[in-house]
Each structure stands twice: as structure tokens, then as C-alpha cells.
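First comes the structure, then the notes that go with it.
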Amino acid sequence: QSEVVWSAYKPFILSCEGKEDIIWKTRLRKHQKHFSQKTLSIQKPTTEYTGTYRCSYKNQKDLYSEIHIYVRDSVKAFTTPQSTIIIQKEGSNYLLACLLTNPESTEFSLQMANGSAVPAEMNYTADPKRGILIRNLQPSYSGDYICTVKMNGVQKKSDIFQITVTRSELC
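Numbered as in the UniProt record's numbering, the sequence shown ends at 171 without a single skipped number.
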């Protein structure tokens, strides 16, 4: 099983077995404290525990097992981003960390914080497990954005992302 939907505040344990030493990788570094050898134990998971959990051999990171856990909450549609102030260079790509907490949500997209559409030429991909990837950022894209989704027919909004795109300096 590659993904599971879990209820917020309901404890869960992940375990990983192998013949060698293993390491865990989580979306947020602060979640590493919950690991004890081959198990991860969360007593009161919130939506912040939504993400992909990977265990691999310490010496062979290409040998791994992973699972994506959606920690569902009736109120929060998105995880809380680590940073909402984003400064990037022109031409770069950027992943907005607005992961969905419920895969049954629909119409996952990006819009301006004032409710208007994103620039027509903006190219982005919405991935419920990773967030929204904006490709080839341009200075004209600088502004305030929100991720949006419909949850049980109700539109939900993420925190506001303040994006500033700086011009590339020509040599």
C-alpha cells in the first residue's frame, strides 16, 4: 500500500524491517525525534504529519520502502508551510508546500490571494502529495498566492505565499 488516509489525533506506528541498519526520512526534520530504531510512533498526529515516510538501508539508500500518509482533519485542508515568504531567481522552479490532508479533495489549484486568476502564461502542476510546482518563474509573477481546494464541496484556502521573483543578472 503506497498511501493511507488517517484521522487526526488517532495514534499510529510505522515499522520497517531489514537485515541491515535502516534510516528514516520524513517531510519535516522535526518529526525525526519520533523514531526509535525500526519504528516511528506518533501518539497525536495532526495534519502536519501528512507526508511521505521513507525507510532505507543506511548504506544503500536506493533500497527503500515508502508510504504517503494523509492525516485528515475536517477543518484543515492543507499542511502549514515552513515558509510563506519566497524569493527566487527568474527562470527557476519552486515547489509551494501546500500538501493536501485529504486525497478526496477536488479542484486543487493556485490563485492570487485576492481571488483573481494566476498570470495566463504561468505554468504550474498541482500534486496532492507534494504541493504546487511553479515552473520558469518570471518577475511578473511576483505577488501573493494561495492554494485552493474543494473539501466536501466547500472551497478551502492555504496560507498566503508571498512570492518575489528577482531578475537574473546578465554577465
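Beta carbons are placed, not taken as given, at the ideal position from N, Cα and C, and that holds for glycine.
Helix, strand or coil at residue i according to DSSP, with G and I counted as helix
{"i": "Y145", "result": "strand"}
{"i": "residue 172", "result": "Nothing can be reported for residue 172: it is not among the residues displayed for the chain, which extend from 1 to 171."}
{"i": "T166", "result": "strand"}
{"i": "I160", "result": "coil"}
{"i": "G153", "result": "coil"}
Bridge partner(s) assigned by DSSP for residue i
{"i": "I13", "result": "S41"}
{"i": "L137", "result": "Looking at the DSSP assignment, L137 forms no beta bridge with any residue, so it has no partner."}
Range of the contiguous beta strand (DSSP E) that encloses residue i
{"i": "A126", "result": "N123 to D127"}
{"i": "residue 173", "result": "Nothing in the structure corresponds to residue 173, since the chain is present only between 1 and 171."}
Burial state of residue i, where buried means 16 or more other Cβ atoms lie within 10 Å
{"i": "I87", "result": "exposed"}
{"i": "S7", "result": "exposed"}
{"i": "S56", "result": "buried"}
{"i": "N102", "result": "buried"}
{"i": "P11", "result": "exposed"}
{"i": "residue 175", "result": "Nothing can be reported for residue 175: it is not among the residues displayed for the chain, which extend from 1 to 171."}
{"i": "K89", "result": "exposed"}
* To do: Any chance you could list the beta strand (DSSP E) runs of at least 3 consecutive residues sitting entirely within the segment 43 to 119, in chain order?
  => 51 to 57, 60 to 72, 85 to 89, 94 to 96 and 106 to 112
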